[in-house]
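A quick write-up on the structure given underneath.
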Amino acid sequence: MPADSAPMNLTHHFLIAMPGLEDASFARSVVYLCEHSERGALGLIINKPSDISLKGLFDKVDLSLRRADLSQEPVFQGGPVQTERGFVLHEPMLTDSVDTDESAYASTMTIPGGLEMTTSKDVLEALSTGAGPRRVLVTLGYASWGEGQLESELAENSWLTVGADLSVIFDTPVGERYDRALGLLGLQSWMLSPDAGHA
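The numbering of the sequence shown is the working numbering, which starts it at 20 and goes up by one.
Written out as structure tokens, the structure is:
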């Protein structure tokens with residue numbers, strides 16, 4: 020990358036694993052990037068469900084879940100880092116205060132492009148009362164890359180990138196998310212060779 024070029028910023032993009040990416044955590048994965056800067060990147064895998072339902076997760080943390088629409092939703096394997104910790108990707112929930120852009124929750128990252136990612140328990144407490152964000156995706160763990168690491172994986176053709184489409188996260192059946200994400204690029208999985216090549 021030329022020294023005078025702007026740093027790459029893939030915040031609010033999908034990373035789509037190429038067939039040659041055989042790491043068990045990431046094979047056929049779609050990662051939603053919550054943050055990407057020169058310091059590194061952080062994202063959540065949105066298409067690898069765990070065997071825990073949201074109701075099961077709420078039971079584990081001693082909360083009831085008064086949202087029938089969510090109780091059977093899976094908790095996702097968000098990535099190999101901090102797999103015991105919950106991450107909630109959701110639509111923005113702003114406080115009622117007119118003059119602030121503060122999130123309604125204690126520990127929330129606002130993602131340019133229209134989502135928030137909350138790690139504090141108060142978002143679960145809100146959901147447990149039947150309130151909280153309407154659309155959520157809950158993961159255990161996250162994916163992260165150190166400085167320059169994601170850029171080198173991109174150079175090795177490990178990932179395709181495309182601007183995120185929220186309907187893939189919230190409206191697409193889990194088993195179809197990989198193909199839907201590829202479809203955003205006009206691709207289908209049979210078009211991809213497992214052998215990384217350089218043109």
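By construction, the Cβ of each residue, glycine as well, lies at the ideal position given by its N, Cα and C atoms.
Source: prediction; values computed, not measured.
Per DSSP, Val80 is paired with what?
Start at 1 with the first residue of the sequence shown, and residue 80 comes out as number 61. Val80 pairs with nothing; no bridge assigned.
Is the distance from the Cβ of Ile8 to the Cβ of Leu146 below 7 Å?
The requested residue 8 is not part of the displayed model; the chain covers only 20 to 218.
Please state the DSSP three-state secondary structure of Gly62.
The residue labelled residue 62 in the question sits at position 43 within the sequence shown. Strand, per DSSP.
Distance, Cα to Cα, Leu159 vs Gly205?
Position 140 of the sequence shown, counted from the start, is the residue given in the question as residue 159. Position 186 of the sequence shown, counted from the start, is the residue given in the question as residue 205. Leu159 and Gly205: Cα-Cα distance of roughly 31 Å.
How about the region 166-174 and the region 127-142: do they share at least three Cβ pairs that are nearer than 8 Å?
No, they do not touch.
Using alpha carbons as the reference points, say which of Ala46, Leu63, Ser48 lies closest to Glu54.
Here residue 54 corresponds to residue number 35 of the sequence shown, with the count starting at 1. Nearest option by C-alpha distance: Leu63.
Identify, in the order they occur along the chain, each residue of the same chain with its Cβ nearer than 8 Å to the Cβ of Gly98, setting aside the five sequence neighbours on each side.
By one-based count along the sequence shown, residue 98 stands at place 79. Excluding residues within five positions, the ones whose Cβ falls inside 8 Å are Ser44, Val50, Gly62, Leu63, Ile64, Thr158, Gly160, Tyr161, Ala162, Ser163.
Going along the chain, which residues of its own chain have a beta-carbon closer than 8 Å to the beta-carbon of Phe95, five neighbours each way excluded?
Numbered from 1 along the sequence shown, position 76 holds the residue referred to as residue 95. The answer, listed in chain order, is Leu63, Ile64, Ile65, Asn66, Lys67, Pro68, Ser69, Leu156, Val157, Thr158, Leu159.
For Ser147, does the three-state DSSP call read helix, strand or coil?
What you label residue 147 is simply residue 128 of the sequence shown in a count that begins at 1. Residue state, collapsed to three classes: helix.
Could you tell me how far apart the beta carbons of Gly133 and Leu211 are, in whole angstroms, since I believe they sit closer than 8 Å?
The sequence position of residue 133 within the sequence shown is 114, counting from 1. The sequence position of residue 211 within the sequence shown is 192, counting from 1. Rounded, the Cβ-Cβ distance is 28 Å, inconsistent with contact.
Coil, strand or helix - Glu172 by DSSP:
Counted from its first residue, the sequence shown places residue 172 at position 153. Residue state, collapsed to three classes: helix.
What do you reckon, are the CB atoms on Gln91 and Ser72 nearer than 7 Å?
Position 72 of the sequence shown, counted from the start, is the residue given in the question as residue 91. Position 53 of the sequence shown, counted from the start, is the residue given in the question as residue 72. Yes, Cβ-Cβ distance for Gln91 and Ser72 is below 7 Å.
Where does Asp198 fall in DSSP's three states?
Numbered from its first residue, the sequence shown carries residue 198 at position 179. DSSP places Asp198 in helix when its eight states are reduced to three.
Using a 10 Å radius around the Cβ and a threshold of 16 neighbouring Cβ atoms, would you call Gly105 buried or exposed?
Mapped onto the sequence shown, residue 105 falls at position 86. That one is buried.
To the nearest angstrom, report how far apart Lys74 and Pro93 are at their CA atoms.
For this step, residue 74 is matched to residue 55 along the sequence shown. For this step, residue 93 is matched to residue 74 along the sequence shown. Straight-line Cα distance between these residues: approximately 9 Å.
Pull up the DSSP beta-bridge partners for Thr137, would you.
Within the sequence shown, numbered from 1, the residue matching residue 137 stands at position 118. Looking at the DSSP assignment, Thr137 forms a beta bridge with Val107, Thr127.
Using DSSP with H/G/I as helix, E/B as strand and the rest coil, what is Ile35?
The residue given as residue 35 occupies position 16 in the sequence shown. Looking at Ile35 - three-state DSSP - the assignment turns out to be strand.
Residue range of the alpha helix (DSSP H) that Ser122 falls in?
Counting from 1 along the sequence shown, the entry for residue 122 is found at position 103. Following the DSSP letters along the chain, one finds Ser122 in no alpha helix (DSSP H), marked with neither H nor E.
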